[in-house]
Structure formats: C-alpha cells, structure tokens
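Structure, as structure tokens:
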C-alpha cells in the first residue's frame, strides 16, 4: 500500500488528506520519531513496528488485539492504523 492508497482509504472514514497525513509518520530509523499518533519504524527482516508518543515523554509500541506489540510489513502497519481509526470512528458515532 502506498501513502496515497492510505490517504484514500482514510478519506472513506472522513479524514481529509491533511488529517490522514498528520496521523502517520514513516521514520527512517528509531531516532527519527515525531509527535504524530503513529510512527512506523523499520525493524529487522523487512518488518516494521508502530511507536506512539507517550504523555510522559518517549514512545511506546502499538499493541495488537492479543496484547502483543505490533510487528509486521508496511502494508500491515497501514492496515493496523486504518482499523484503529475505523474503530475509533464507530465509537464516536455510537
């Protein structure tokens, strides 16, 4: 999935292009993190992890439904973010 594919799919959830792009950052390394909600960071063996900014400084790993830290391909990282955004939207509409 490209960043443009991600933006398009986020638009279906009601995000503007700017809001979708402001949600995610693809870091070149773990020292290149931002305050965006989702920082996608390359790891070992073409796997990525998602780090989220902490209220107390630093970052923590995004968790999967089974309680583990997210690790997956870049496509899986985008899918994870889309799913989290979709769940959040459904909660807000309830």
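Residue numbers (my numbering): 297 to 390. Where a beta carbon is used, it is the ideal one built from N, C-alpha and C, also for glycine.
Cβ neighbour criterion (16 or more within 10 Å) applied to residue 335: buried
Within the same chain, show all residues whose beta-carbon is closer than 7 Å to that of residue 349, passing over the 5 residues directly before and after it, in chain order. 331 and 355
So for residue 388, helix, strand or coil by DSSP? helix
Closest by C-alpha distance to residue 317, when choosing among 326, 301 and 324: 301
Considering Cα atoms alone, identify which of 298, 310, 305 and 297 is closest to residue 388. 310
Span of the beta strand (DSSP E), counted from its first residue to its last, around residue 347: 344-349
What separation, rounded to the nearest whole angstrom, lies between the Cα atoms of residue 347 and residue 315? 18 Å
Measure the alpha-carbon distance for residue 312 versus residue 351 and round it to whole angstroms. 26 Å
Between residue 320 and residue 307, what straight-line distance do the alpha-carbon atoms span, to the nearest angstrom? 14 Å
Nearest neighbour of residue 393, chosen from 325, 362 and 361 [CA to CA]: In the structure as shown, the chain starts at 297 and stops at 390, and residue 393 therefore has no counterpart that could be examined.
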